[in-house]
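The C-terminal position of the sequence shown is numbered 746 in my numbering, with every residue numbered one higher than the one before it.
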Amino acid sequence: MNIALKYRPSSFKDLVGQDILVRILENAFTLNKIPQSILLSGSSGIGKTTTARIIALCLNCSLGPTFEPCGSCTSCLAIKNSSHPDVVEIDAASHTSVEDVRAILGDICYLPISSKFKVYIIDEVHMLSSNAFNALLKTLEEPPSSVKFILATTEIKKIPITVIARCQRFDLHNIPSAKIMERLNDIAQKENYFIEKEASELIAHHCSNSMRNALFLMNQALLYSKDGTISTQSVTDILGLVDRNVIFDLLEAVLDSDLQKALLVFDNVVKTANPLNIFEDLLQTIQLICRFLITKEIDTEYEKSRVKDLSAKKSLIFFRDCGRCCLRVFKI
415 MNIALKYRPS
425 SFKDLVGQDI
435 LVRILENAFT
445 LNKIPQSILL
455 SGSSGIGKTT
465 TARIIALCLN
475 CSLGPTFEPC
485 GSCTSCLAIK
495 NSSHPDVVEI
505 DAASHTSVED
515 VRAILGDICY
525 LPISSKFKVY
535 IIDEVHMLSS
545 NAFNALLKTL
555 EEPPSSVKFI
565 LATTEIKKIP
575 ITVIARCQRF
585 DLHNIPSAKI
595 MERLNDIAQK
605 ENYFIEKEAS
615 ELIAHHCSNS
625 MRNALFLMNQ
635 ALLYSKDGTI
645 STQSVTDILG
655 LVDRNVIFDL
665 LEAVLDSDLQ
675 KALLVFDNVV
685 KTANPLNIFE
695 DLLQTIQLIC
705 RFLITKEIDT
715 EYEKSRVKDL
725 SAKKSLIFFR
735 DCGRCCLRVF
745 KI
């Protein structure tokens, strides 16, 4: 079972971490002021295509246009199965030419087959050629009333200003770690799995603020463990991480000027880990300490006691300089 696909949101109430976008679209549907062209931007795996599909559901549900699609009518089921004749998804990464865009434009003059709107979802739209963008401009400005365009991109800077100006733009925000952990725990409970708190914190910390990445990691951890338990150790193994306690021990030895212990810890860990990963983990740990010294707050509970102890040993300036030393490793 693919958890990422099973728990892919099919309504705005299930969409995590995009409260501003959800509120604006709720008002748009309530007031019947739905944009003709929408541009969704954000990092990979953050929910752009999922959001586009939810908008398509809202537009073409048998109850719609509605902000709360039923999810069970013929139209909703067809959209969920990617088989709806009036909802067309195009991967611009493999359809970049002006001919591809003209093929789309040739169809928009026809009325929808079975729904209220024809919805064109163009993913990775920044990959279109200049001529393709030019061909799309006029239609984006004045599309037929029965047509909606939803563009999605990970690189908003590559989209021509003239295209952006003709769309209602939404910037999807990175999902906070706390929201990701909450979602992981919720899914684990529904599936009768047990996930250790430290394991969910590790997944949330290493998924690049992407819910999709987090669910893929969760799925891998389940397959790795077999017994329905997602342990901290299994997540550490999958990610190829150095045990965080070892990193704390290494940093503590350096702060105590115990070079013999520092070398011993480093020699032991380098036998199984990439040295660059060790320095990356060191840098992240130093960042945690600096953040704690400034804010007196820390997100992850299991690291709090070690961070408190280490932060008391040196000043913020010292840890800043340590971080700069670690950064030099990546510039060599």
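From the three backbone atoms N, C-alpha and C, an ideal C-beta is built for every residue, glycine too.
Bear in mind that the values here come from a model prediction, so they are computed numbers and not experimental data.
Counting only the same chain and skipping the five closest in sequence on each side, list residues whose C-beta sits under 6 Å from that of residue 593.
430, 431
Measure the Cβ-Cβ separation of residue 474 and residue 436 and say whether it is below 8 Å.
no
Assigned secondary structure, residue 686 (DSSP; H/G/I helix, E/B strand, else coil):
coil
Just to confirm before moving on: does the CB-CB distance between residue 551 and residue 515 stay below 8 Å?
no
Which residues share a DSSP beta bridge with residue 530?
BP columns for residue 530 are empty, so no partner.
With a 10 Å radius around its C-beta and 16 neighbouring C-beta atoms as the bar for buried, classify residue 524 as buried or exposed.
exposed
Contact under 8 Å by Cβ, residue 707 with residue 725
yes
Determine, using beta carbons only, whether residue 691 and residue 743 come nearer to each other than 8 Å.
no
Cβ of residue 417 within 8 Å of Cβ of residue 700?
no
By the 10 Å Cβ neighbour count, where 16 or more other Cβ atoms means buried, how is residue 642 classified, buried or exposed?
exposed
How many angstroms separate the CA atom of residue 617 from the CA atom of residue 590?
12 Å
Please confirm whether residue 425 and residue 460 have their CB atoms less than 8 Å apart.
no
How is the alpha helix (DSSP H) around residue 491 delimited, first residue to last?
488-494
Less than 7 Å between C-beta atoms, sequence neighbours within five positions excluded: which residues of the same chain meet that for residue 570?
455
Excluding the 5 residues preceding and the 5 following residue 693 in the sequence, name in chain order all residues of the same chain whose CB lies nearer than 6 Å to its CB.
740, 743
Report the rounded CA-to-CA distance for residue 530 versus residue 644, giving the unit in angstroms.
45 Å
If I measure Cβ to Cβ from residue 549 and keep anything under 8 Å in the same chain, skipping five residues before and after, which residues do I get?
512, 515, 516, 519
Ends of the alpha helix (DSSP H) at residue 631?
625-639
Cβ pair residue 491, residue 483 closer than 8 Å
no
Option in 453, 508, 598 with minimal Cα separation from residue 606:
598
Member of 717, 668, 688 whose CA lies at the smallest distance from the CA of residue 728
668
From 614, 543, 596, residue whose alpha carbon lies closest to that of residue 647:
614
Distance, residue 663 Cα to residue 503 Cα:
51 Å
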